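A quick write-up on the structure given underneath.
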Amino acid sequence: DVTELFHTYGNDFQKYMTDAEETIHRLKSLSAVNPNNKTVQRVSDDADELLNNAQECLKHMELEALSLPPSSKQSYTSKVADYKRRYNSSNRELSSVKLGLHSSND
């Protein structure tokens, strides 16, 4: 069932995003203390991976939304848009933290 699949991907997406947001927050704290620490790179990689997983879920949700009946398509499409905003915001945040890391390495 398409709606069931959509919700499964939605739940996975939320789980990945929550983990990613917490990981980015941890990365900020760690990099503020010691940007050249090995842990910082590992946490940064973890955040990347979580965001990649979230993005995969988003792609699947977009595909599922296409095959929904018009009656329910609108609410699903707007949900995907909300999720995309959340993803983009975290992705930008991670990028800016990483930029800070690289500038402190030079």
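Numbered as in the UniProt record's numbering, the sequence shown ends at 106 without a single skipped number. By construction, the Cβ of each residue, glycine as well, lies at the ideal position given by its N, Cα and C atoms. A quick note: this is a predicted structure, and the numbers were derived from the prediction, not measured.
### Message
Suppose the cutoff is 7 Å on Cβ atoms and the five residues either side in sequence are ignored; what does the same chain contact list for Val2 look like?
### Response
Glu64, Ser67, Leu68
### Message
Nearest by alpha-carbon distance to Ser96: which of Ser75, Leu27, Arg42 is it?
### Response
The residue from Ser75, Leu27, Arg42 with its alpha-carbon nearest to that of Ser96 is Leu27.
### Task
List in chain order: all unbroken alpha helix (DSSP H) runs of 4+ residues lying wholly within the UniProt domain "Vesicle transport v-SNARE N-terminal" (3-96).
Within the UniProt domain "Vesicle transport v-SNARE N-terminal" (3-96), the runs of alpha helix (DSSP H) at least 4 residues long that lie entirely inside it are, in chain order, 38-66.
### Query
Do you know offhand how far Ser31's Cα is from Glu4's?
40 Å
### Task
Taking all protein chains shown into account, decide if Leu51 is buried (16 or more other Cβ within 10 angstroms of its Cβ) or exposed.
buried
### Query
Contact check, Ile24 vs Ala47 under 8 Å by CB: the rounded distance?
5 Å
### Message
Could you tell me the alpha carbon to alpha carbon distance between Arg86 and Asn11, rounded to whole angstroms?
### Response
14 Å
### Query
Do Met17 and Ser90 have their CB atoms nearer than 8 Å?
yes
### Task
Report the residue from Gln14, Gln74, Tyr9, Val33 whose alpha carbon sits nearest the alpha carbon of Gly100.
Val33
### Cβ shell of Phe6 (< 8 Å), same chain only, five flanking positions each side left out
Within the same chain, and ignoring the five residues on either side of Phe6 in sequence, the residues whose Cβ sits closer than 8 Å to its Cβ are Met61, Glu64, Ala65, Leu68, Tyr76.
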